[in-house]
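Report on one structure; see the data block that follows.
4 protein chains.
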Amino acid sequence: MSPRNKEKDQQLRAERTSQILDSALTVIARRGLSATKVADIAEMAGVSVGNIYKYFSSKEDIFEALLHRGQQEYRDFAEEAWGQAGSAKDRLSWYTVNWLNKREWAITTLLQHARTSETIPERLKQAVSAKFKDNLRPIAAIIEDGQQRGEIVSGASMELALIYVSMMEGLTLHDIPGTPELSSGIAESALQLLLRDR
Amino acid sequence: MSPRNKEKDQQLRAERTSQILDSALTVIARRGLSATKVADIAEMAGVSVGNIYKYFSSKEDIFEALLHRGQQEYRDFAEEAWGQAGSAKDRLSWYTVNWLNKREWAITTLLQHARTSETIPERLKQAVSAKFKDNLRPIAAIIEDGQQRGEIVSGASMELALIYVSMMEGLTLHDIPGTPELSSGIAESALQLLLRDR
Amino acid sequence: MSPRNKEKDQQLRAERTSQILDSALTVIARRGLSATKVADIAEMAGVSVGNIYKYFSSKEDIFEALLHRGQQEYRDFAEEAWGQAGSAKDRLSWYTVNWLNKREWAITTLLQHARTSETIPERLKQAVSAKFKDNLRPIAAIIEDGQQRGEIVSGASMELALIYVSMMEGLTLHDIPGTPELSSGIAESALQLLLRDR
Amino acid sequence: MSPRNKEKDQQLRAERTSQILDSALTVIARRGLSATKVADIAEMAGVSVGNIYKYFSSKEDIFEALLHRGQQEYRDFAEEAWGQAGSAKDRLSWYTVNWLNKREWAITTLLQHARTSETIPERLKQAVSAKFKDNLRPIAAIIEDGQQRGEIVSGASMELALIYVSMMEGLTLHDIPGTPELSSGIAESALQLLLRDR
DNA sequence: GATGAATGAGAGTTCATTCAT
DNA sequence: TATGAATGAACTCTCATTCAT
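For the record, the sequence lines run as chains A, B, C and D.
Mapping to the working numbering: the first sequence position 136 is 136, numbers consecutive.
Mapping to the working numbering: the second sequence position 65 is 65, numbers consecutive.
Mapping to the working numbering: the third sequence position 179 is 179, numbers consecutive.
Mapping to the working numbering: the fourth sequence position 166 is 166, numbers consecutive.
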């Protein structure tokens, strides 16, 4: 009733929304979109099934929100890497280490599905791909910077950024949480390949 | 008694099986396992739904057969690369080009799903992972050979093989057939990174 | 948090369960287990198909619940006969009359199927047979009592109970509701056979 | 081609038909009509599925043939009892013993299903019931004869016949082949009940 | 006649979504 | 707003029947 309550309501709503998205991310990454039941998401979020629909209009809607949030978070993360002090190697190293510590693998899985699956509407695919490409810029900037300092091999920076990110994604997909078979030290080795002097 | 030709029956059976698997590979790669209806597979194979079950006991069974066949085919392909004449670079180049021309991207998608999804029985996951690791050997052999000739950067050969394959997979997943956005020339650039003298 | 009335929910749930079982009993008795569609049960219960599965996990599960409930109800009924005042003949007469008025014929059909069909899991068969045997006790008690008073022919009481119940079942199966061909007076004649003085 | 062959063909055909019916009887009695697959019948008969349809037009057709044959066989059996030498007790005893040694239980099961199930066309039900009633005559004749000799309790002979047969059927359904729990001696005890002097 | 692969309608079961409380 | 019972379309799998060989 009072403005205070309204504000609080808004905040509660945002929290619930975020909480639902967190659960959805985890579950969908683990089982895939169409194998995930809305009930699974609800259970993990500690919310009733019906209540989910007060925050999202459909399962697809949740997925779409997940992609938006994931790509935005990734953008922030990539810019944080670019904002790091030190050499290009230091920055990429920071990026690499933190990538593995974050839930990037989960988002990576979702994005890949979004880009490749016929079940996803074209509109969404295009948005995701465009945003993905745009999100390469901070990495490309780091690489360009490194090339100017003579640290990094020559080549088109966007191309190298794509190669590097693909490599990270590819390795990520072989190194699922709970499957520690492949040492994460390998990511560092991969990074070496980009360096001029190795 | 039996007016049927047993040999011919056997042969027809094998053909049908293979035809169903081909269709299943295409459709599942495009839509994901659980979003693919058995009816989709049947339709693409030009077979009735019921008849599918004369050849496979369930959708899961089809998926499993697909993984087996895919990993076997990949093994043959990797060994063919190892069997090529020429330098390590030539061999990897052959591998790279042919990877992109084959249906490797489809199988890559399936294998990734098999390794990562909670919906896949542990037994199958382990088998897939073990076979995957084993399948790195021909690539590792090419790399080792190249290292001895001074062509390829130093480092543990299995590790470099994993990095290289991950890179290919990562790129593959950004370059779906029908989505020619990313030039396949990029794969060649990626290959350069492994070379000592670049 | 929960705007629902838990007690009322519990009660509604129990009612629905019972309502579904009632319908299932009728329909399965009329058509047999495997010829009965879950949709038939749902329709007769005035419930949607999907909702049935909120109460029972499968058609088999419904059948099993039906057997449990039916044998328990029969036990109560048999003990009520034993609890009647009067001579053994009076008690058996009460039993006979009420048997025909109740839905015993439906349950009889189900139990017979459960005992004899290969499609029923051994575990369930054994449980049903054991309970059936145990349920003969009240009748055997009436007979023993009648023998001591000189009303009833001599012989092992459990054996005579089995004979009597089999007779009732056999007659029941010739006298389906809606098929009034065989007068129910015949049951009384059958009862006479057990009496010493006839 | 030659008349000889034609005759032989006829004979082979009759044999096959009978062989299929035998298998059908066994399997349907064990699993129920609708739970029995035509493939089950074919397998047990050692015949291909398709070939069944050269002899019968449908599963229902097989069932109907089974009922006809079963009731005819039963009639022959009942008349054979009537044709036995000796007292009424001897004849009923012969009937009882041979009933248990024959496949009467299987036919009993089928007939019961035919009479009671909604899935059976009315026309067939009526035919079965009429024939059943008619088939009581030989037993009723034995009973009447016994009554005249003072061996058997008084009462309407058809009614007593129905009671006796129901008793046999009821006991039969508690004493499935392979379930020897209930001693078959009990049938003799049941017979005693009909005797005047016991 | 004999075979068994092929068909497709139909059954059991699941699950996204709605709605009364 | 929160709940979970209810709905029914859709999916997987089965099986009576047909048909090419």
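Every residue gets a Cβ at the ideal spot worked out from N, C-alpha and C, and that includes glycine.
Name the chain B residues whose beta carbon is nearer than 7 Å to that of residue i?
i, result
"A127 of chain A", "Near A127 of chain A there are no residues of chain B at all, since even the closest Cβ is about 14 Å away, more than 7 Å."
"M167 of chain A", "I163, S166, M167 and G170"
By alpha-carbon positions, which one of the options ends up nearest to residue i?
i, options, result
"T172 of chain B", "B:E73, B:E104, B:A85 and B:E7", "B:E104"
"L12 of chain D", "D:K54, D:S34 and D:A35", "D:K54"
"L193 of chain C", "C:S157, C:V153, C:E159 and C:V165", "C:V153"
"A65 of chain D", "D:I143, D:A130 and D:T17", "D:T17"
"I186 of chain B", "A:G155, A:A187 and A:T96", "A:G155"
"S58 of chain C", "C:Q72, C:V27, C:K37 and C:E43", "C:K37"
"G46 of chain D", "D:L33, D:F63, D:T108 and D:Q19", "D:Q19"
"D61 of chain D", "D:L33, D:W94 and D:D145", "D:L33"
"S189 of chain D", "C:A161, C:V49 and C:E43", "C:A161"
"Q147 of chain C", "C:S87, C:V27 and C:A35", "C:S87"
"N135 of chain A", "A:E7, A:F56 and A:E79", "A:E79"
"G150 of chain A", "A:K89, A:I107, A:W94 and A:A24", "A:K89"
"H113 of chain C", "D:Q84, D:R31 and D:E118", "D:R31"
"P121 of chain C", "C:M44, C:L191, C:Q10 and C:F63", "C:F63"
"L191 of chain A", "A:M44, A:N51, A:S93 and A:T119", "A:S93"
"L67 of chain A", "A:A85, A:R123, A:A35 and A:N51", "A:R123"
"K133 of chain D", "D:I163, D:A106 and D:S117", "D:I163"
"Q84 of chain A", "A:H174, A:I107 and A:D145", "A:D145"
"H174 of chain A", "A:A106, A:M44 and A:S117", "A:A106"
Chain A partners of residue i, CB-CB under 8 Å?
i, result
"I186 of chain B", "E159, L162 and I163"
Rounded to whole angstroms, how far is the Cβ of residue i from the Cβ of residue j, which I believe are closer than 8 Å?
i, j, result
"L110 of chain A", "A29 of chain A", "6 Å"
"E73 of chain D", "G170 of chain C", "Their Cβ separation, rounded to whole angstroms, is 20 Å, which puts E73 of chain D and G170 of chain C out of contact at 8 Å."
"S157 of chain C", "M167 of chain D", "No, S157 of chain C and M167 of chain D are not in contact; Cβ-Cβ is about 17 Å, not under 8 Å."
"Q71 of chain C", "K125 of chain C", "With a Cβ gap of about 13 Å, Q71 of chain C and K125 of chain C do not count as contacting."
List the endpoints of the continuous alpha helix (DSSP H) containing residue i.
i, result
"I120 of chain B", "I120 of chain B -> no alpha helix (DSSP H), and no H or E assigned at all."
"T172 of chain B", "S157 to T172"
"S93 of chain B", "A88 to N101"
"T26 of chain C", "K6 to R31"
"L67 of chain D", "K59 to W82"
"K37 of chain C", "Counting along the chain, K37 of chain C falls outside any alpha helix (DSSP H), and DSSP gives it neither H nor E."
"V49 of chain C", "V49 to Y55"
"R196 of chain C", "Careful: R196 of chain C lies outside any alpha helix (DSSP H) and carries neither H nor E."
"L191 of chain D", "G185 to Q192"
"G146 of chain C", "R137 to Q148"
Could you tell me whether the Cβ atoms of residue i and residue j are closer together than 8 Å?
i, j, result
"P138 of chain B", "W99 of chain B", "no"
"L21 of chain A", "R75 of chain A", "no"
"I142 of chain C", "R196 of chain C", "no"
"R115 of chain C", "V97 of chain C", "no"
"V49 of chain B", "A39 of chain B", "yes"
"I41 of chain D", "A24 of chain D", "yes"
"A140 of chain D", "T119 of chain C", "no"
Return yes when at least one heavy atom of the ligand GDP lies under 7 Å from the C-beta of residue i, else no.
i, result
"D145 of chain A", "The ligand content of the structure shown is nil, which means the ligand GDP is not present either."
Using a Cβ cut-off of 9 Å, pull out every chain B residue sitting near residue i, in sequence order please.
i, result
"T96 of chain A", "None at all; the shortest Cβ gap to chain B is about 13 Å."
"S117 of chain A", "R30, R31, G32 and A35"
So which residues on chain C does residue i lean against when the C-beta distance must stay under 7 Å?
i, result
"Q112 of chain D", "L173"
"G155 of chain D", "S189"
Quick one: list the residues of chain D neighbouring residue i, beta-carbon separation under 8 Å, in chain order.
i, result
"G46 of chain C", "In chain order: nothing, as chain D lies at least about 19 Å away."
Give me the chain D residues within the contact set of residue i, using Cβ-Cβ distance strictly less than 9 Å, ordered along the chain.
i, result
"T201 of chain C", "The structure shown does not extend to residue 201 of chain C, since chain C is modelled only from 1 through 198, so no value can be given for it."
Which chain D residues sit within Cβ distance under 7 Å of residue i?
i, result
"A190 of chain C", "I163"
Mind pulling the chain C residues with CB within less than 8 Å of residue i?
i, result
"L193 of chain D", "V153, I163, L193 and L194"
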